[in-house]
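Following: one structure in structure tokens, then a few remarks.
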Ligand code: FES
Ligand code: MG
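In the working numbering, the protein residues as written are 2 to 591.
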């Protein structure tokens, strides 16, 4: 016991000379499966592996295998690994939405990391919400933390063409609605897009958030993009385990890595990736837990002008394996560095070095998959931050706007950035599915689809339902997308022109609650304004009649957590964090 390090917090449990009785109690039960007194009292850092893999979480399930190599790395570097369970957050399996459980997994991991004898943590990230939940918890607890991606699935193929997660389903459902394919074919197409372990192989929320965890400096260089089944993934697991032990000795805590600088870098990388519209919610949340205010306006300021470099579905052509072979995140960051587009090359990473030191020498290996800044897919790929009488803040990913939409709405020479049309208002996804194909709605190619009651309070957690398709009678006429506005989210794997995450939401009395069918909405992207063209006195009068509507927009909670969540949740623009939770920071260091 001569080499023990008194600064390790696990010593308070396992080696407290003032209270041998408690030390004995804390120690003895960890011995009952084979750990020894000497291991726990030898001064070795005790490292948690926050395990998000399980049978309920197929995207992250491969972590169960990879964790063996993380353990090997921890032991090789002189640490003691303890695998700890994280509340499951499976994007595709959890009802009403996995987003509801992001904050629950966050809360429970905070208690776990804070309340047990842990000196550092490996965050097993992957499926959409696992990355933000674990980074939020690391921010609150403040012990050294390193993220480790499970990696994307291999490329999917259907009849020889790439079939990307989610994206192929959004496309095939149109063929199904138009009667071009059978229900069985539809399911076959879906299955073809999931060929192996790992998370979504498109640039949806998972690939975005795993890439941004690297861009924030929280993963080893190159860790984000390696496909789950590749040997390099297991090798990266070993290196990650080795590194966290050194990070504990160096006291390299999360708020030294995740700084204002690294968030601004991550926003820039998000644009270059064509990242998901869920990213602002999650990064704003992680930043809030670090005491760093980050807003949708920051996303526009730092991200909007950045070119789109990564040619991945849903915006582009390729999938996760292609991205890895093209050089992954390091190739993107190096290209941004070369053009001075990354605002803070001096930001620190978990490797204890700066972004410039670590990334400058990487090259793009497959030029059509990752473009150079001289030959981008799009000049401006970031998000616009919009506001008006319908909401204070909502974001629009202009890179997702397809050519058909551009032709129909945006190439009016008199006002190339503005369009308007009558609203078709749906109160939640069930209302949408019930009524969208009803010819009595009389939708035209000028209509704007609006979804409300889909925000954090209205559809507890905030549903990914704003990617609404046109009615089948318009699809048959060749209209494949209508503009959408909503207080819910959109799946990162879909690609329609949508104004999303409107805050405050209708169920909290936001302006969308006052909107009625047929009201003309004007969207002016140049002035960043979205307004219902309704006379002010009429608008005010509607507000006095709101109560009945708000009741229908907030259906009864189905579980205790839904009820607690709704009482405490902040709007999407503020990261959908829990009220007051952000008051607690680096609690393990107090
Ligand atoms: Fe889990 Fe996409 S559904 S990563
Ligand atoms: Mg998703």
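Think of the CB as a built atom: it goes at the ideal place given N, C-alpha and C, for glycine as much as any other residue. The model shown is predicted, which means the values in this text are computed figures rather than measured ones.
* Pick from 539, 121 and 29: whose alpha carbon is nearest that of residue 8? -> 121
* Residues with C-beta closer than 7 Å to any heavy atom of the ligand FES, in chain order -> Qualifying residues, in the order they occur: 60, 91, 92, 93, 127, 128, 129, 166, 167, 200, 201, 205, 206 and 207.
* Alpha carbon to alpha carbon, how far is residue 456 from residue 14? -> 43 Å
* Between the Cα of residue 453 and those of 447, 463, 444 and 445, spot the shortest distance and give me the residue it belongs to. => 463
* Which of the three DSSP states, helix, strand or coil, is assigned to residue 524? -> strand
* Euclidean distance between Cα positions of residue 341 and residue 228 -> 29 Å
* Helix, strand or coil: how does DSSP classify residue 107 here? -> helix
* Residue burial classification, residue 57 (beta-carbon count within 10 angstroms, cutoff 16) -> Exposed: under 16 other Cβ atoms inside 10 Å.
* To do: Compare the beta carbon distance of residue 194 and residue 157 with 7 Å and say whether it is the shorter of the two.
  => Closer than 7 Å, so yes.
* Inter-stretch contact at 8 Å, needing at least 3 Cβ pairs: the stretch 352–367 / the stretch 278–295 -> no
* Buried versus exposed, by CB contacts within 10 Å (16 or more), residue 400 -> buried
* **Pick from 256, 466 and 431 that is closest to residue 589, judged by C-alpha positions** => 256
* Could you check the C-alpha separation between residue 519 and residue 587 for me, to the nearest Å? => Within the model, the alpha-carbon separation for residue 519 versus residue 587 is close to 50 Å.
* Asked: What residues match up with residue 427 in a beta bridge as DSSP calls it?
  -> According to DSSP, which records beta bridges pairwise, residue 427 is partnered with 452.
* Asked: CA-CA distance, residue 394 and residue 500?
  -> 10 Å
* From what residue to what residue does the alpha helix (DSSP H) around residue 265 run? -> From DSSP, the alpha helix (DSSP H) with residue 265 extends over 261–274.
* To do: Following the continuous alpha helix (DSSP H) through residue 212, name the residue where it begins and the one where it ends.
  => 206–216
* May I have the straight-line CA-CA distance separating residue 3 from residue 147, to the nearest angstrom? => For residue 3, the predicted structure reports a pLDDT of 38, less than 50, and the residue's modelled location is therefore unreliable. A value from the coordinates is still provided. Distance between the alpha carbons of residue 3 and residue 147 is about 28 Å.
* **Span separating the alpha-carbon of residue 80 from that of residue 249** => 10 Å
* **Rounded C-alpha distance that separates residue 19 from residue 251** => Residue 19 and residue 251 have their C-alpha atoms spaced approximately 27 Å apart.
* To do: Please report how far the alpha carbon of residue 324 lies from the alpha carbon of residue 136, in whole angstroms.
  => 24 Å
* How do the stretch 179–199 and the stretch 298–305 stand: do at least 3 beta-carbon pairs fall below 8 Å, yes or no? -> Taking one beta carbon from each stretch, the stretch 179–199 and the stretch 298–305 have fewer than 3 pairs nearer than 8 Å; the two do not touch.
* To do: For residue 35, count neighbouring Cβ atoms within 10 angstroms of its own Cβ and tell me buried if that reaches 16, exposed if not.
  => exposed
* For residue 535, which residues of its own chain have a beta-carbon under 7 Å away from its beta-carbon, when the five flanking residues on both sides are left out? -> 520
* Given that a residue counts as buried once 16 or more other Cβ atoms are within 10 Å of its Cβ, and exposed if not, what is residue 327? -> buried
* **When 530, 59, 403 and 211 are compared against residue 90, the one with the closest alpha-carbon** => 59
* Asked: Taking residue 52 as the reference, which of 10, 387 and 85 has the closest Cα?
  -> Selected option, being the one with the closest Cα: 85.
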